[in-house]
Amino acid sequence: MTRKQRRLTLIGGSLAVLGVAAALVLFALKDSIVFFNSPTDVVEKQLAPGTRIRIGGLVEPGSLKKGDNLQVSFKVTDGAHEVSVRYQGIVPDLFREGQGVVAEGKLEAGGLLAADTVLAKHDERYMPREVVDALKKSGRWQEGEMNADAHVVGKKP
Amino acid sequence: MIPEIGHYALVLALGLALIQATVPLYGSIRRDASLMQLASSTAVMQFIFVAGSFAALTACYVTSDFSVANVFENSHSMMPLIYKFTSVWGNHEGSMLLWVLILALFGASVAVFGNNLPVTLKANVLAVQGWIACSFYFFILLTSNPFLRLAQPPLEGRDLNPILQDPGLAIHPPLLYLGYVGFSIAFSFAIAALIEGRIDAAWARWVRPWTLAAWMFLTVGIAMGSYWAYYELGWGGFWFWDPVENASLMPWLAGTALLHSAVVMEKRNALKVWTILLAILAFSLSLIGTFLVRSGVLTSVHSFAEDPRRGVFILGILVLFIGGGLSLFAWRAPLLRQGGLFAPVSREGALVFNNLFLTTACLTVFVGTLYPLALEALNGEKISVGAPFFNLTFAPLFIPLMIAMPFGGLLAWKRGNLLGVAQRLMVAFAAGIVAIAITFAAAGVEHVLAPFGIGLAFFVIVGALIDLAERIALFRAPLATSWSRALGLPRSAWGTAIAHAGVALTLIGITCASTWGTERIVALKEGQTVTLSGYALTFDGMVQRAGPNFRVLAGKFTLRQGGEVVGIMEPSKRTFGARGMTTTEAALLSQGASQLYLSLGDVNGDGSAAIRFYYKPLVLLIWLGAVVMAFGGALSLSDRRLRVGAPKPAAKPALQPAE
Numbered sequence: 010m011t012r013k014q015r016r017l018t019l020i021g022g023s024l025a026v027l028g029v030a031a032a033l034v035l036f037a038l039k040d041s042i043v044f045f046n047s048p049t050d051v052v053e054k055q056l057a058p059g060t061r062i063r064i065g066g067l068v069e070p071g072s073l074k075k076g077d078n079l080q081v082s083f084k085v086t087d088g089a090h091e092v093s094v095r096y097q098g099i100v101p102d103l104f105r106e107g108q109g110v111v112a113e114g115k116l117e118a119g120g121l122l123a124a125d126t127v128l129a130k131h132d133e134r135y136m137p138r139e140v141v142d143a144l145k146k147s148g149r150w151q152e153g154e155m156n157a158d159a160h161v162v163g164k165k166p
Numbered sequence: 002m003i004p005e006i007g008h009y010a011l012v013l014a015l016g017l018a019l020i021q022a023t024v025p026l027y028g029s030i031r032r033d034a035s036l037m038q039l040a041s042s043t044a045v046m047q048f049i050f051v052a053g054s055f056a057a058l059t060a061c062y063v064t065s066d067f068s069v070a071n072v073f074e075n076s077h078s079m080m081p082l083i084y085k086f087t088s089v090w091g092n093h094e095g096s097m098l099l100w101v102l103i104l105a106l107f108g109a110s111v112a113v114f115g116n117n118l119p120v121t122l123k124a125n126v127l128a129v130q131g132w133i134a135c136s137f138y139f140f141i142l143l144t145s146n147p148f149l150r151l152a153q154p155p156l157e158g159r160d161l162n163p164i165l166q167d168p169g170l171a172i173h174p175p176l177l178y179l180g181y182v183g184f185s186i187a188f189s190f191a192i193a194a195l196i197e198g199r200i201d202a203a204w205a206r207w208v209r210p211w212t213l214a215a216w217m218f219l220t221v222g223i224a225m226g227s228y229w230a231y232y233e234l235g236w237g238g239f240w241f242w243d244p245v246e247n248a249s250l251m252p253w254l255a256g257t258a259l260l261h262s263a264v265v266m267e268k269r270n271a272l273k274v275w276t277i278l279l280a281i282l283a284f285s286l287s288l289i290g291t292f293l294v295r296s297g298v299l300t301s302v303h304s305f306a307e308d309p310r311r312g313v314f315i316l317g318i319l320v321l322f323i324g325g326g327l328s329l330f331a332w333r334a335p336l337l338r339q340g341g342l343f344a345p346v347s348r349e350g351a352l353v354f355n356n357l358f359l360t361t362a363c364l365t366v367f368v369g370t371l372y373p374l375a376l377e378a379l380n381g382e383k384i385s386v387g388a389p390f391f392n393l394t395f396a397p398l399f400i401p402l403m404i405a406m407p408f409g410g411l412l413a414w415k416r417g418n419l420l421g422v423a424q425r426l427m428v429a430f431a432a433g434i435v436a437i438a439i440t441f442a443a444a445g446v447e448h449v450l451a452p453f454g455i456g457l458a459f460f461v462i463v464g465a466l467i468d469l470a471e472r473i474a475l476f477r478a479p480l481a482t483s484w485s486r487a488l489g490l491p492r493s494a495w496g497t498a499i500a501h502a503g504v505a506l507t508l509i510g511i512t513c514a515s516t517w518g519t520e521r522i523v524a525l526k527e528g529q530t531v532t533l534s535g536y537a538l539t540f541d542g543m544v545q546r547a548g549p550n551f552r553v554l555a556g557k558f559t560l561r562q563g564g565e566v567v568g569i570m571e572p573s574k575r576t577f578g579a580r581g582m583t584t585t586e587a588a589l590l591s592q593g594a595s596q597l598y599l600s601l602g603d604v605n606g607d608g609s610a611a612i613r614f615y616y617k618p619l620v621l622l623i624w625l626g627a628v629v630m631a632f633g634g635a636l637s638l639s640d641r642r643l644r645v646g647a648p649k650p651a652a653k654p655a656l657q658p659a660e
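These protein sequence lines are chains A and B, in that order.
Under my numbering, the first residue of the first sequence is numbered 10, with each subsequent residue one higher.
Under my numbering, the first residue of the second sequence is numbered 2, with each subsequent residue one higher.
Right, dumping it as structure tokens:
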């Protein structure tokens with residue numbers, strides 16, 4: 010093989026691998042990503058049942074109910090609208106009424122979210138960014154409420 | 002007084018870094034040896050001053066000096082002594098100080114151990130280190146000063162974030178930073194080579210030990226972080242494809258590629274331009290990692306609210322070094338002369354294959370990590386990219402990489418014989434097929450892909466053994482000859498085989514734990530028993546205790562197998578008064594390399610406790626594999642040819658397979 014042929018083999022091979030990787034990425038981006046929605050989005054967008062979504066907001070005070078078999082149900086609110094969430098399992102340590110939460114799962118008929126993941130904050134001074142954004146959007150966010158302290162919050166280095 | 006001394010020492014270190022960044026460079030242009038020599042002394046002095054600054058901050062923490070804002074916010078007088086030390090880097094400011102401390106440590110090491118480097122190269126390398134150091138000193142002093150005082154010192158601190166009060170945190174960040182920052186040396190060498198417009202095989206030999214050391218630390222650091230998340234976050238998962246984890250995985254992938262391409266450059270004087278590019282990319286990805294973690298731009302398990310000014314500052318550093326590095330590369334790289342020729346099927350070809358797949362895998366992680374950010378910036382749409390994305394893109398790229406792994410070591414340089422190598426790997430193929438068959442027979446056909454994962458791992462392990470056997474002519478020469486050849490084999494050959502086997506061990510761990518792991522999530526009343534994978538777990542009741550700065554609510558459980566008591570498990574919840582926060586402490590019980598994992602949920606009104614109970618077969622192999630990889634790296638690092646680092650070409654190629 011001449012130098013040119015070798016170089017062409019190399020470039021051809023590289024392009025083939027990159028092409029396969031690009032195809033995989035595009036395929037995966039189409040199928041395996043989850044959109045984030047605030048409760049208002051869920052109500053207004055009329056999302057089809059069966060859609061997988063992530064929602065964020067505050068756990069509405071008084072809405073948390075615990076049933077048998079570790080069944081938990083609660084409402085997530087952004088102040089303007091709320092979405093009911095059903096979950097089976099153990100909720101995180103810092104999951105509380107009136108606190109920020111992010112839930113991920115499938116939307117069922119009637120706007121109920123069957124969650125398979127419930128995330129709460131990891132620090133009492135931290136609120137998930139998605140929740141802050143959702144609250145800001147609905148105008149219920151008071152500037153400075155969390156940020157006063159924000160810069161002192163530790164994080165995993 | 003101590004904080005002021007620390008602050009002052011840091012300012013002096015900045016002054017020294019400014020000298021180190023400019024004077025040696027000027028000296029190298031003027032060919033003035035004494036100016037160039039200044040680089041070494043400033044690098045060592047700079048390290049001494051940063052170390053002093055770091056010691057000052059540590060002293061503030063140990064003595065619980067709450068007049069320092071940073072200590073007040075992240076410490077508590079009742080905290081055990083070890084966490085007073087670790088909380089120095091358990092916060093943003095302190096961890097950045099650790100970052101520059103390690104940077105200065107690497108710079109000083111080059112100054113002290115780099116005696117055989119050409120004077121100009123050494124001066125330029127240290128000057129580039131000086132630039133990096135300057136930008137981070139400015140960053141700390143202007144936006145994240147850990148030594149700020151409070152006008153009215155409070156009596157008690159706010160405590161360290163409880164999930165960080167753990168031995169895992171004591172070692173995870175320093176290891177990770179040793180890795181991240183270690184790549185700065187490769188970067189500085191690359192930039193210095195581009196400035197000089199000259200590069201040869203000796204360059205690769207000087208860069209390799211630094212890259213290898215950084216890679217080892219990063220490998221163990223990532224594994225440590227993964228294990229920490231596994232037992233501390235209470236979900237029983239070992240990898241979440243979280244942006245912060247990806248941030249450490251990307252430099253690891255680029256660094257692994259760099260290690261392999263540097264071999265080609267050292268042995269065959271080829272792939273020069275590519276190696277330089279990888280050196281720039283590996284450190285760029287480390288900087289991006291720092292940016293992602295420090296600026297809080299991405300939603301992550303680790304993301305806490307952050308000051309946006311810092312994000313902008315780090316973004317500036319990022320643009321300066323990545324943009325500057327790549328521009329210099331585009332301008333000067335064409336000057337570097339191309340080296341040795343090789344056929345596509347050859348050791349070089351195999352290493353190019355390795356590089357191609359590693360960098361492509363790195364690219365997919367990059368896209369998956371940054372795509373959500375780009376999308377939000379473009380149209381405000383918020384998405385989360387999780388495990389399914391990476392399983393679909395990253396995994397398929399790693400499979401060919403691992404299949405090729407045993408071939409690489411057996412192929413000859415320049416022109417190899419693929420068929421001959423395949424014949425020599427027959428035993429490895431057989432081992433892989435037997436492993437697949439046994440796994441199918443034992444576990445059934447429910448999971449079709451998993452047995453192939455196990456088979457691939459055995460293929461790689463046996464392939465690594467064959468590589469060693471071939472080199473020492475095992476069974477082809479008298480045993481005594483093989484023995485003496487084994488003793489004479491370069492340690493880097495042993496290191497390669499061991500590191501490759503480590504990758505295979507990790508693959509076995511991941512495959513087994515994620516395929517055949519079982520779990521039960523139930524609420525148990527006192528005296529009730531739950532069974533899982535042949536184990537019976539009985540709830541014996543709750544106990545309360547007091548810890549140093551927290552209260553413990555623990556559940557007592559007895560684990561039995563076939564009626565015999567295997568052990569007592571005590572998962573607990575810790576409530577930290579100072580922050581009003583609760584953490585979950587999982588109970589772990591190892592059975593060989595497998596683990597039983599028990600974590601406690603809420604205790605209900607009727608006295609029943611919610612539990613998560615997992616059986617994780619061979620899960621410990623995931624981290625053991627990483628330790629084995631790092632051990633292989635350490636063995637290679639101790640190889641005489643890297644230790645001596647003589648600039649003259651190798652007398653004979655040490656990695657040549659025995660014929």
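Where a beta carbon is used, it is the ideal one built from N, C-alpha and C, also for glycine.
Asked: Whole-Å CB distance - Met97(B) paired with Phe50(B), under 8 Å assumed; Found: Actually they do not touch by this definition, with Cβ atoms about 16 Å apart.
Asked: Start and end residues, alpha helix (DSSP H) containing Ala255(B); Found: 244 to 269
Asked: Meets three-Cβ-pair contact criterion under 8 Å: the segment 320 to 337 of chain B and the segment 271 to 290 of chain B; Found: yes
Asked: Beta carbon proximity, Thr276(B) to chain A, threshold 9 Å; Found: no
Asked: Contact set for Ala652(B): own chain, Cβ-Cβ below 6 Å, skip 5 residues either direction; Found: Interpretation of Ala652(B) is limited by its pLDDT of 45, a score under 50 that renders its predicted location unreliable; the figure taken from the coordinates is listed afterwards. Correct list: empty, nothing qualifies.
Asked: For Leu259(B) and Leu669(B), the rounded distance between their alpha carbons; Found: Coverage of chain B is limited to positions 2 through 660, which leaves residue 669(B) absent and any answer about it impossible.
Asked: Inter-residue CB distance, Phe390(B) and Ala37(A) (contact presumed, cutoff 8 Å); Found: 5 Å
Asked: Beta-ladder partner(s) of Lys115(A), from DSSP; Found: Arg61(A), Ala123(A)
Asked: Span of the beta strand (DSSP E) around Arg552(B); Found: 552 to 562
Asked: For Leu506(B), the three-state DSSP class (helix, strand or coil); Found: helix
Asked: Beta-carbon proximity check, Leu601(B) vs Ile612(B), cutoff 9 Å; Found: yes
Asked: Test item: CB-CB of Pro25(B) and Ala128(B) under 9 Å; Found: yes
Asked: As assigned by DSSP and simplified to three states, the class of Gly369(B); Found: helix
Asked: Whole-angstrom distance between Ile42(A) and Asp50(A), CA atom to CA atom; Found: 17 Å
Asked: Buried or exposed (CB count within 10 angstroms, at least 16 for buried), Arg310(B); Found: exposed
Asked: CB-CB length for Asn380(B) against Met80(B), believed under 8 Å; Found: Rounded, the Cβ-Cβ distance is 46 Å, inconsistent with contact.
Asked: Members of the segment 343 to 368 of chain B that neighbour chain A once the beta carbon cut-off is set at 9 Å; Found: Phe343, Ala344, Pro345, Gly350, Val353, Phe354, Leu357, Phe358, Thr361, Ala362, Leu364, Thr365, Val368
Asked: In DSSP terms, what Gln592(B) is bridged to; Found: Ser595(B)
Asked: Stretch pair the segment 208 to 219 of chain B + the segment 170 to 187 of chain B: three plus CB contacts closer than 8 Å; Found: yes
Asked: Backbone secondary structure at Arg338(B) - three-state DSSP; Found: coil
Asked: Integer-rounded CB distance, given that Leu102(B) should sit under 8 Å from Phe55(B); Found: 5 Å
Asked: Of the listed residues Leu488(B), Thr365(B), Ile196(B), nearest to Trp242(B) (C-alpha basis); Found: Thr365(B)
Asked: Given 8 Å, three or more beta-carbon pairs between the segment 620 to 639 of chain B and the segment 488 to 507 of chain B; Found: yes
Asked: Same chain, Cβ closer than 6 Å to Leu352(B), neighbours up to 5 away in sequence not counted; Found: His261, Val265
Asked: Contact under 9 Å by Cβ, Gln1(B) with Ala109(B); Found: Since the first and last residues shown for chain B are 2 and 660, residue 1(B) lies out of range.
Asked: Beta-carbon neighbours of Ala524(B), restricted to chain A and to distances below 7 Å; Found: Leu79
Asked: Top-ranked residue by Cα proximity to Tyr138(B), from Ala14(B), Ala255(B), Gly350(B); Found: Ala14(B)
Asked: Residue from Leu622(B), Pro407(B), Leu179(B), Arg492(B) whose Cα sits closest to the Cα of Gly593(B); Found: Leu622(B)
Asked: Boundaries of the alpha helix (DSSP H) in which Phe190(B) is found, first to last residue; Found: 168 to 197
Asked: Beta carbon proximity, Leu103(A) to chain B, threshold 9 Å; Found: yes
Asked: Collapsed DSSP secondary structure at Ala25(A) in the structure displayed; Found: helix
Asked: Proximity below 9 Å, CB of Ala280(B) to CB of Phe190(B); Found: yes
Asked: Bounding residues of the alpha helix (DSSP H) (the contiguous stretch that carries Gly7(B)); Found: 3 to 31
Asked: Cutoff 8 Å; reference Asn605(B); Cβ partners in own chain excluding five residues on either side; Found: Ala524, Ala611
Asked: Interface partners of Gly602(B) on chain A, CB under 7 Å; Found: Ile99
Asked: Unbroken beta strand (DSSP E) run spanning Ser136(B), endpoints; Found: Careful: Ser136(B) lies outside any beta strand (DSSP E), inside the alpha helix (DSSP H) at 120 to 144.
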